[in-house]
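Participant: Please see the structure below; I have some questions.
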Ligand code: SF4
Ligand code: SF4
Ligand code: SF4
Ligand code: FES
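In the working numbering, the protein residues as written are 260 to 852.
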């Protein structure tokens, strides 16, 4: 990579020679409107034509997202023909758009709307026939409304390149082109893992999480005991919904907002993350003692569990039987907590605020219920929590810091907090498994090989003279590498952690959008570093907790002593463990990408 000189509006700038005009422009202080690019200012589709600029020597305007820089290149962003062409490109997109901004939940975070404002587009400049519309509201995790799709292809790239799955594609041709699953099937009728990574990149309201705020309203209207829990990754990102810089810890304000929204109790899912660790570490130790063929694989990410059930069902025996933390929390609220307080469990509504769209699907699984009563009733994403707070009129900036309710199940350890980032579950499990096997605490407590955002990490530790190899993967494309090794009998690992979303829950499909157009006050490289910044919030909180090991959480100790008995007891199994299904049987010809 070398350095070259390019000119924007006749001013010289020295830039790297491997950039597109769009990338170079950003570095030099110019934001060229764009819609079909994502992350890096480059695009293979170049479909939207919103980024057109004039380049000296070219007869036609060029898409800046696909045009490489070269030494001496002269680029004119404000050339009148380029300005008009960019506006026309947006107006043509709007001519085939539903334009229901008043009721669209994407309003406020819609890149199309923002870019339309910036280029001065008139929405009704071109009026004509519209492409037939598909509305898909059948899947619990996400929805599709093609009347808002601009055919940018970003979702196709996310599903195929990030997750290695390939559910979405361009279908039909010409004017009838649409983006969706093959044969225009519903998300509920294809092997989509409901991870929501496609919703994170969609610039419009075409792909969204399945909103459940109405269900919450109904629970309040029915006078239920509405108890809310929040996953660790939510506190690391909810501030972004209110203009806080990425990487702002918002635990106190988030809890204060939930108190003001009228929830009966506000709990931290971290309590149940500790419970997951005690059960899962115990399960691992049992497998070691009984010499069950490894590796054991974690089960707390429902997108990942879906992936295994669809694409590698033969490996289901490797999956831990532990429910995910928020499901455990729901089960404990509707049993132990309800009994201690004399509350009829059918009158409780458990609401989970999660960074994840797949958790919406997970709570509907019949396996995640006890005696016919669901563990969790409503799942809202971090983004929906933002909507809920805005709707209520609460002023985020004026919120004080408040504590989670400390009522039987309110305490949590630092190990529970780091669940929200890739490698965190493994690090937390190692702390407790070491204790169960040796009766001593692991020192030093932080286990560096588990940290970092690489797609696949591995580590080795020695306990009582035995070596254990562990691996961690996030994103299904990475998970697939480890799964293929197991399938071929070549896996060298004893324990594997897998998270469905790249980087873990801090980058879950339900987290706030990180769109360049709205990030002018952030660092230039924020799209490369936002996951790290959110992860740092959780590692800092772990470091600040007095108790940092799940098995030392006083409320967990009391729960076992007074209610569950031993780790892995019959009651613990009834409430906290689950089972899985071979979903491939429904799709016998299924091939992962
Ligand atoms: S996707 Fe954007 S432009 Fe379209 S209706 Fe929603 S807010 Fe308006
Ligand atoms: S939810 Fe995940 S698996 Fe489903 S289409 Fe979107 S990216 Fe692909
Ligand atoms: S659904 Fe969204 S991300 Fe996918 S092509 Fe349409 S507008 Fe782009
Ligand atoms: S952003 Fe360049 S063509 Fe769409």
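The beta carbon of each residue, even a glycine, is placed where N, CA and C say it ideally should be.
As the structure is a prediction and not an experimental result, all values here were calculated from the model.
(1) State yes or no: is the C-beta of residue 608 within less than 8 Å of the C-beta of residue 484?
(2) Cutting at 7 Å between CB atoms, please list the residues of its own chain near residue 874, excluding the five before and the five after it.
(3) Can you find a heavy atom of ligand 2 that lies under 7 Å from the Cβ of residue 426?
(4) Using 8 Å for Cβ pairs, my map puts residue 311 next to residue 327. What's the rounded Cβ distance?
(5) Buried or exposed for residue 524, please, with buried defined as at least 16 other CB atoms from any protein chain shown within 10 angstroms of its CB.
(6) Out of 713, 670, 848, 620, state which residue places its alpha-carbon closest to the alpha-carbon of residue 810.
(7) I'd like to check one pair, residue 445 with residue 395: are the Cβ atoms closer than 8 Å?
(8) With a threshold of 7 Å (Cβ to nearest heavy atom), would residue 463 be considered close to ligand 1?
(9) Consult DSSP for residue 375 and reduce its assignment to one of helix, strand or coil.
(10) Regarding residue 414 and ligand 3, is the C-beta to nearest heavy atom distance less than 7 Å?
(11) Do you know how far the Cα of residue 500 is from the Cα of residue 493?
(12) Going by DSSP, what residue range makes up the alpha helix (DSSP H) through residue 719?
(13) Under 8 Å Cβ to Cβ from residue 261, same chain only, skipping five residues before and after it: list those, please.
(14) Just mark residue 570 as buried or exposed, buried being the case when its beta carbon has 16 or more other beta carbons within 10 Å.
(15) DSSP on residue 605, reduced to helix/strand/coil?
(16) Using the Cα positions of residue 692 and residue 541, report the straight-line distance between them to the nearest angstrom.
(17) Rounded to whole angstroms, what's the CA-CA distance from residue 477 to residue 635? Just pull it up for me.
(18) Does the region 393 to 413 touch the region 717 to 734, meaning 3 or more C-beta pairs lie closer than 8 Å?
(19) If you count every other CB in all the chains shown that lies within 10 Å of the CB of residue 775, and 16 or more means buried, which is it?
(20) If you measure between the beta carbons of residue 451 and residue 768, is that distance less than 8 Å?
(21) For ligand 1, any of its heavy atoms closer than 7 Å to the Cβ of residue 366?
(22) Tell me whether residue 765, by its Cβ, gets closer than 7 Å to a heavy atom of ligand 3.
(23) If you follow the alpha helix (DSSP H) that residue 516 is in, where does it begin and where does it stop?
(24) Would you decide whether residue 585 is buried or exposed? Buried here means 16 or more other CB atoms lie within 10 Å of its CB.
(25) For residue 273, count neighbouring C-beta atoms within 10 Å of its own C-beta (all shown protein chains included) and say buried if the count is 16 or more, exposed if not.
(26) Would you identify the three-state DSSP class for residue 641, choosing helix, strand or coil?
(27) Hey, would you say the C-beta of residue 357 is under 7 Å away from at least one heavy atom of ligand 1?
(28) What are the boundary residues of the alpha helix (DSSP H) that includes residue 562?
(29) How should residue 770 be labelled, buried or exposed, when 16 other C-beta atoms within 10 angstroms of its C-beta is the threshold for buried?
(30) For residue 336, which three-state DSSP category applies?
(31) Can you determine whether any heavy atom of ligand 2 sits closer than 7 Å to the C-beta of residue 397, and answer yes or no?
(32) For ligand 3, any of its heavy atoms closer than 7 Å to the Cβ of residue 409?
(33) Ends of the alpha helix (DSSP H) at residue 404?
(34) Do the CB positions of residue 590 and residue 834 come within less than 8 Å of each other?
(35) Taking Cβ to Cβ, would you say residue 632 is nearer than 8 Å to residue 593?
(36) Does the beta-carbon of residue 237, which I'm using as the reference point, lie nearer than 7 Å to any heavy atom of ligand 1?
Facilitator: Well, looking at it:
(1) Start at 1 with the first residue of the chain shown, and residue 608 comes out as number 349. Start at 1 with the first residue of the chain shown, and residue 484 comes out as number 225. It is a contact, given that the beta carbons lie within the stated cut-off.
(2) In the structure as shown, the chain starts at 260 and stops at 852, and residue 874 therefore has no counterpart that could be examined.
(3) Start at 1 with the first residue of the chain shown, and residue 426 comes out as number 167. Within the cutoff, so yes.
(4) Taking the chain shown and counting its residues from 1, the one referred to as residue 311 is at position 52. Taking the chain shown and counting its residues from 1, the one referred to as residue 327 is at position 68. Incorrect: roughly 16 Å between the Cβ atoms, too far for contact.
(5) Taking the chain shown and counting its residues from 1, the one referred to as residue 524 is at position 265. By the 10 Å Cβ count, residue 524 comes out buried.
(6) For the purposes of this step, residue 810 is taken as residue 551 along the chain shown, with counting starting at 1. Put simply, of 713, 670, 848, 620 the residue whose alpha carbon is nearest the alpha carbon of residue 810 is 670.
(7) Reading the chain shown from its first residue, position 136 is the one you call residue 395. Reading the chain shown from its first residue, position 186 is the one you call residue 445. It is a contact, given that the beta carbons lie within the stated cut-off.
(8) Walking along the chain shown from the start, residue 463 turns up at place 204. Within the cutoff, so yes.
(9) Translated into the one-based positions of the chain shown, residue 375 becomes position 116. Reduced to three states, the DSSP call for residue 375 is helix.
(10) Translated into positions along the chain shown, residue 414 becomes position 155. Correct: residue 414 has its Cβ closer than 7 Å to ligand 3.
(11) As a working note, residue 493 is residue 234 in the chain shown. As a working note, residue 500 is residue 241 in the chain shown. The straight-line gap from Cα to Cα measures roughly 11 Å.
(12) Indexing the chain shown from 1 puts residue 719 at position 460. Not the alpha helix (DSSP H): residue 719 falls in the beta strand (DSSP E), residues 715 to 722.
(13) Sequence index remark: in the chain shown, residue 261 carries index 2 (1-based). Excluding sequence positions up to five before and after residue 261, its CB lies within less than 8 Å of the CB of 275, 276, all in the same chain and listed in chain order.
(14) Here residue 570 is taken as the residue at index 311 of the chain shown, counted from 1. Buried.
(15) Taking the first residue of the chain shown as position 1, residue 605 is located at position 346. Three-state result, residue 605: helix.
(16) Your numbering for residue 692 matches position 433 in the chain shown. Your numbering for residue 541 matches position 282 in the chain shown. Whole-angstrom Cα-Cα distance: 7 Å.
(17) Residue 477 sits at position 218 when you count from the first residue of the chain shown. Residue 635 sits at position 376 when you count from the first residue of the chain shown. If I take the Cα positions, the gap works out to 15 Å.
(18) no
(19) Translated into positions along the chain shown, residue 775 becomes position 516. Buried: at least 16 other Cβ atoms inside 10 Å.
(20) The sequence position of residue 451 within the chain shown is 192, counting from 1. The sequence position of residue 768 within the chain shown is 509, counting from 1. Cβ atoms of residue 451 and residue 768: not closer than 8 Å.
(21) Position 107 of the chain shown holds residue 366. Correct: residue 366 has its Cβ closer than 7 Å to ligand 1.
(22) Along the chain shown, one-based indexing puts residue 765 at 506. In this structure, residue 765 has its CB at a distance of at least 7 Å from all heavy atoms of ligand 3.
(23) The sequence position of residue 516 within the chain shown is 257, counting from 1. Taken as a continuous stretch (DSSP letters only), the alpha helix (DSSP H) holding residue 516 covers 510 to 519.
(24) The residue given as residue 585 occupies position 326 in the chain shown. Looking at its Cβ environment, which holds 16 or more other Cβ atoms inside 10 Å, residue 585 is buried.
(25) As a first step, residue 273 must be located in the chain shown, where it is residue number 14. With fewer than 16 other Cβ atoms within 10 Å, it is exposed.
(26) Here residue 641 corresponds to residue number 382 of the chain shown, with the count starting at 1. DSSP places residue 641 in helix when its eight states are reduced to three.
(27) Against the chain shown, residue 357 aligns to sequence position 98. Under cutoff, so the answer is yes.
(28) Translated into positions along the chain shown, residue 562 becomes position 303. Taken as a continuous stretch (DSSP letters only), the alpha helix (DSSP H) holding residue 562 covers 561 to 570.
(29) Here residue 770 refers to the residue found at position 511 of the chain shown. Buried is the call here.
(30) For the purposes of this step, residue 336 is taken as the residue at position 77 of the chain shown. In this structure, residue 336 counts as coil in the three-state DSSP scheme.
(31) If you number the chain shown from 1, residue 397 lands on position 138. Every heavy atom of ligand 2 is 7 Å or more from the Cβ of residue 397, so no.
(32) The residue you call residue 409 lines up with position 150 of the chain shown. Yes - ligand 3 has a heavy atom lying nearer than 7 Å to the Cβ of residue 409.
(33) Residue 404 sits at position 145 when you count from the first residue of the chain shown. Here residue 404 belongs to no alpha helix (DSSP H); instead the beta strand (DSSP E) covers 401 to 404.
(34) What you label residue 590 is simply residue 331 of the chain shown in a count that begins at 1. What you label residue 834 is simply residue 575 of the chain shown in a count that begins at 1. Yes, the Cβ-Cβ distance between residue 590 and residue 834 is below 8 Å.
(35) Stepping through the chain shown from its first residue, residue 632 is reached at position 373. Stepping through the chain shown from its first residue, residue 593 is reached at position 334. Against a cut-off of 8 Å, the Cβ pair of residue 593 and residue 632 comes out as a contact.
(36) There is no way to answer for residue 237, as the model of the chain reaches only from 260 to 852.
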